[in-house]
Structures are given as structure tokens and as C-alpha cells.
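J.: Numbering (the working numbering), first residue to last: 68 to 181.
1) Just the Cα atoms here: how many angstroms apart are residue 157 and residue 165?
2) From residue 112 to residue 131, what distance separates their C-alpha atoms?
3) Buried or exposed: which applies to residue 91, given that a residue is buried once 16 or more other Cβ atoms fall within 10 Å of its Cβ?
4) If you draw a straight line from the C-alpha of residue 168 to the C-alpha of residue 153, how long is it?
5) Under a three-way DSSP split, which group does residue 125 fall into?
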């Protein structure tokens, strides 16, 4: 079944052809019983596919809207805003739109301002 959705995050409109039957769709849209939860009615879909149906947000190898929203860096290493050292994105903190290194500059004062 084809679904066309506009992302609530980026505003981009995409169409995906997903393995959903009319019966699954009708059960979900009916809002009755356990089937009213999309994860129950369409349990064969991935989390990303169900999220696309609900919000239009989609992530795959070419586009990762969740990373854009949550501030996950694309680089292997990023630079700490305070000391300019290269830091590992896996341990960095996004603070007021800029990255701070866990080992070098993330301290109790910054933690309390979150």
C-alpha cells in the first residue's frame, strides 16, 4: 500500500510503498481494541516505517531525520566548543546547539544547566 506523508520535522513530502494490507490499515484506523495501536495492526513493519505513517518522519541510509532532530553528528569526530579538541560523537553532549566533550569540558555546572 502506498503512503504519502509530509514530515512534521522537515516538511518534505515522501511516498513509500509499504507491505500493509487494506485489512491492517482498516483495523488500525478503526481505533478499536489492540489493533488500534499501529504496532499491533502493522507489526510486520519496522519502527521507521510505522513512524513514517504516523508523522512523515523517515530515516534510511540516505536520509536520517531523527539524527537531524536529535543532534546526532554525522562526522566520526567533532570539535568541542570550549577547548577545540576533537571529541568522539558517541560521548559528546549537545548543549545549546553546540558540542561539548565528555572527557574535556562537560562538568557539573553544565550538567545542572540542562
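No residue lacks a Cβ here, since even glycine has one placed at the ideal position from N, Cα and C.
T.: Reading from the atomic positions:
1) 14 Å
2) 18 Å
3) buried
4) Whole-angstrom Cα-Cα distance: 8 Å.
5) coil
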